[in-house]
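The next block holds one structure in the form of structure tokens; read it before the comments.
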Amino acid sequence: MTTTKTILRSDELSCPTCVDNIESNLNNTEGVSAAKVHFNTGRIEVEHDPETVSDENLVKIIAKSGYEARVSQF
Amino acid sequence: MKSLQMLLRNATTRKKALLIVSGLLITTGWVVNFFWISAWSFNTLMLLATLTAGFEIVRRAWQGLRNLHTNIELLVTIAATGGLAIGVYWEASAVTFLFLLGGWLEARTMSKTRDTLKELINMAPETAIVVKDGERREIPARQVKQGMQVLVKPGSKIPVDGIVESGTTSIDESAITGEPIPAEKQSGSEVYTGTINKNGRIYVRASKSGADTTLAKIIQRVEEAQEEKAPTQRFIERFASWYTPGIVGLSIASYLFTWNLEMALTLLVIGCPGALVISTPISVITGIGNAAKKGILIKGGQYLENAGKVTAITLDKTGTLTAGKPSITEIIHFSKATTFAGVDQEEEFEEVHTVSLSDQNRESLPSEGEKLLYWASVAESVSEHPLAEAILAEEQSNRIPEPDQFESHTGLGIEAILGNNHIYVGKAEFLQQQGISIREGINKKIQNLTNQGRSVVLVARNNELLGAIGIADQMRPDAPKMISKFRENSIERIAMLTGDALAAAEAIAEAAGITEVHAGILPEDKNDIILEMQEQGHQVAMIGDGINDAPALASADIGIAMGAAGTDVAIETADIALMSDDLMNIPEALRLSSKTLSNIRQNVVIALVTVTALLTGVFTDSVHMASGMLVHELSVMAVILNGMRLRWI
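Sequence order for the protein chains is Z and Y.
Take the first sequence: its position 48, counting from 1, is numbered 48 in the working numbering, and each next residue is one higher.
Take the second sequence: its position 602, counting from 1, is numbered 676 in the working numbering, and each next residue is one higher.
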């Protein structure tokens, strides 16, 4: 499995405790090896296998957690 | 129907839609109740409003439970369900509506604090035009591989770091360097992501893209700084981690004691430590963002807090208080003058003048001085001595001929021949060795300059002494203003730490207004002085630029590195890095830090007072579910708005 690191950004994180959901939902997804949500900057770092989970899938998983995010260059 | 589904799938629009519908239902409920006083329809409308706003909350609570997290949404869900069960419909609808509205408002304001970051990120274009075998293809910029050829059209931003392969243009690099004047680029020049191609079409061979670019590194540094938790934030988070379970326990206990279900549910409503957990990060993000916009890179919340408490400042001299680049300060020259010596008799004699160039009155330099400068420049034009640069920088005529012959006498001076002019530039001993007489009068003036910390070189042409040039590393013009600003801000102790000789150090210290000078010291001595100050109870800031300052920058409570003139090492070790050479940015950095520090304190007070007031209110029966949620959300907004003030100070 080859993993790549994708950076996503969300403008909607409003309370530091609500990032837990996003993090857990990502981490429970097959193909995601590590996910970290930075509340202060709204940056979401995901290490994943792009064959199993595409960038678009990541956006969908975050949307399901209740937040809008988009893939960022860095 | 399909478009409605799409609308609801998007998290932002769904939240907005739920908020509007639930808000309308609540308003209709009150209107209906006012005109027809129908409890039945009032309660039905409130129930619908609760269910609408609750939809999103229950969803998140459920997701949390599935991931084995108990979250705030769960508390609100229990409170609202309990409210519906005991029949306080209006309270339940207010709790869910206010919770959703608060979250939405908070997200909107919070995203404003992330603006600086967004501006930086938006500097990088999303796509790049890659050229291969004459074919153009537009691909995402981060997918450009090293070695690919990228076409950049005039007026567009550079998508990658790389080397110009063909074409010429001027590029606005202010995004990276802060330099507003565009830089000329041709084949072989380096270009950076996020800079703007002004007027030419260029082909760039990519060397770095995406997260490896210089711009990405700057962004990363700002982000790391914003993520870094300040000591207060860590303390608050520890507090918050037991606050919520504590409130839940209190709620259960109060129910068991009083059998008052509504009071127990109200406790659940105020159990979210919202204002507390956000009190510090909101100030830190805004403070660091505002500083970054001014070219001040503060590495994190902890440093922001430390910098806000500084009581003593130590500074390096060369490169910090001075430009770090020697320049001509004085020119000593001779001029012919006459004096009355009896009827119809005048005696000619020579006067010695010292002209100061430090106040930039270049025009007032008499022709004798110009001549001296000219011949010195001819000799120095091929020299690589550091002082040569200072002399050449001052000679403004562009046609300095190169000498026919040149010889450097190491440690003494130089000798050059141009046509039939034989020029010597160097120390007094050197000129004397060459058989040039150093006339009376000039010696005293030279001694004067040496005492002020100047390096002095003498200039002679064809065995005649023309005069002397005083050279010094000049003080930055804004140094005295910076020092007096420090004193205004009640910094108790200001000391200069330098490896330079005492005379030169004292000259600069006096001009800048510094009374404590430690000259001729080694890097480890700088360290010791800082440690001694810390033992006396001072919070010490060190301002420096060079590698020799790195240990002192590290041991000071706050290390501040000067940017453009500074080395990478200094910037890496420093807690605050200045991107420009503007000294006034240092007091500005300290001011922003102390403002941020007091902002954090205000926020913590707002949060704690709210929590205490709410708890007291609940137990004295003056706060109920709706008002509890309202006060809670208001306190969160108050903290956010107070933090946002840092954007404009």
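The beta carbon of each residue, even a glycine, is placed where N, CA and C say it ideally should be.
C-beta neighbour in chain Y for residue i, strict 9 Å
i: Arg52(Z); result: Rather than Arg, the amino acid found at residue 52(Z) in this sequence is Thr. It does not: the Cβ of Thr52(Z) has no partner Cβ on chain Y nearer than 9 Å.
i: Leu13(Z); result: yes
i: Asn28(Z); result: yes
i: His38(Z); result: yes
i: Glu56(Z); result: no
Residue i: contacting residues in chain Y (beta-carbon distance under 7 Å)
i: Gly42(Z); result: Arg188
i: Ser65(Z); result: Gln137
i: Ser72(Z); result: Ile195
Helix, strand or coil at residue i [DSSP, three-state]
i: Pro440(Y); result: coil
i: Glu489(Y); result: strand
i: Met658(Y); result: coil
i: Gly398(Y); result: strand
i: Asp189(Y); result: helix
i: Ala639(Y); result: Model confidence at Ala639(Y) stands at a pLDDT of 39, short of 50, so the residue's coordinates are unreliable; what they give is reported in the following sentence. Residue state, collapsed to three classes: coil.
i: Tyr498(Y); result: strand
i: Tyr277(Y); result: strand
i: Pro214(Y); result: strand
i: Gln137(Y); result: helix
i: His726(Y); result: This structure cannot speak to residue 726(Y), because chain Y is shown only from 75 to 723.
i: Thr412(Y); result: strand
i: Val706(Y); result: Just to set this straight, residue 706(Y) is His in the shown sequence, not Val. The answer is helix: DSSP assigns His706(Y) an H, G or I state.
i: Leu350(Y); result: helix
Neighbour flag for residue i against chain Z, beta carbons, 9 Å
i: Leu23(Y); result: For chain Y, the structure presents residues 75 to 723; residue 23(Y) sits outside this window and is missing.
i: Trp316(Y); result: no
i: Thr86(Y); result: yes
i: Asn145(Y); result: yes
i: Gln376(Y); result: no
i: Leu671(Y); result: no
i: Ile359(Y); result: yes
i: Met184(Y); result: yes
i: Pro305(Y); result: no
i: Gly487(Y); result: no
i: Thr151(Y); result: no
i: Ile203(Y); result: no
i: Gln220(Y); result: no
i: Gly320(Y); result: no
i: Ala366(Y); result: no
i: Thr684(Y); result: no
i: Lys89(Y); result: yes
i: Glu130(Y); result: yes
CB contact flag (residue i, residue j, <9 Å)
i: His143(Y); j: Asn40(Z); result: no
i: Ser261(Y); j: Glu297(Y); result: no
i: Ile650(Y); j: Ala626(Y); result: no
i: His592(Y); j: Gly176(Y); result: no
i: Phe480(Y); j: Ile488(Y); result: yes
i: Asn271(Y); j: Lys219(Y); result: no
i: Leu378(Y); j: Ala304(Y); result: yes
i: Ser401(Y); j: Asp547(Y); result: yes
i: Phe116(Y); j: Tyr163(Y); result: yes
i: Leu13(Z); j: Val37(Z); result: yes
i: Ile321(Y); j: Leu342(Y); result: yes
i: Ser185(Y); j: Asp11(Z); result: yes
i: Asn517(Y); j: Ala502(Y); result: yes
i: Met570(Y); j: Ala586(Y); result: yes
i: Leu492(Y); j: Tyr498(Y); result: no
Assumed close pair residue i, residue j - CB separation to whole angstroms, cut-off 8 Å
i: Thr360(Y); j: Gln307(Y); result: Rounded, the Cβ-Cβ distance is 14 Å, inconsistent with contact.
i: Met658(Y); j: Asp552(Y); result: 6 Å
i: Ile362(Y); j: Val678(Y); result: Actually they are not in contact, since the Cβ atoms of Ile362(Y) and Val678(Y) sit about 18 Å apart, beyond 8 Å.
i: Gly594(Y); j: Thr394(Y); result: Wrong, their Cβ atoms sit about 17 Å apart, outside the cutoff.
i: Ala453(Y); j: Ile543(Y); result: Going by Cβ atoms, the distance from Ala453(Y) to Ile543(Y) rounds to 11 Å, so no, they are not a contact pair.
i: Thr288(Y); j: Thr267(Y); result: 7 Å
i: Leu720(Y); j: Asn364(Y); result: 6 Å
Proximal chain Z residues relative to residue i, where beta-carbon distance stays under 8 Å
i: Gln79(Y); result: Neighbours of Gln79(Y) on chain Z: none; closest Cβ ~13 Å, over 8 Å.
i: Arg133(Y); result: Gly66
i: Ile293(Y); result: Phe74
Neighbour list for residue i in chain Y, Cβ cutoff strictly below 9 Å
i: Asp20(Z); result: Gly138, Asn141, His143, Asn145
Cross-chain neighbours of residue i in chain Y, by beta carbon under 8 Å
i: Glu68(Z); result: Asn84, Ala85, Thr86
i: Asn25(Z); result: Gln137, Asn141
Amino acids of chain Z, ordered along the chain, whose beta-carbon sits closer than 7 Å to that of residue i
i: Glu580(Y); result: Under the 7 Å cutoff, chain Z gives no residues; its nearest Cβ is about 46 Å from Glu580(Y).
i: Leu191(Y); result: Thr41
Proximity test, residue i beta-carbon vs the ligand ADP heavy atom, cut-off 8 Å
i: Ile557(Y); result: Questions concerning the ligand ADP fall outside what the structure shown contains, since it holds no ligand whatsoever.
Per-residue contacts from residue i into chain Z (C-beta, under 9 Å)
i: Glu297(Y); result: His38, Asn40, Thr41, Arg43
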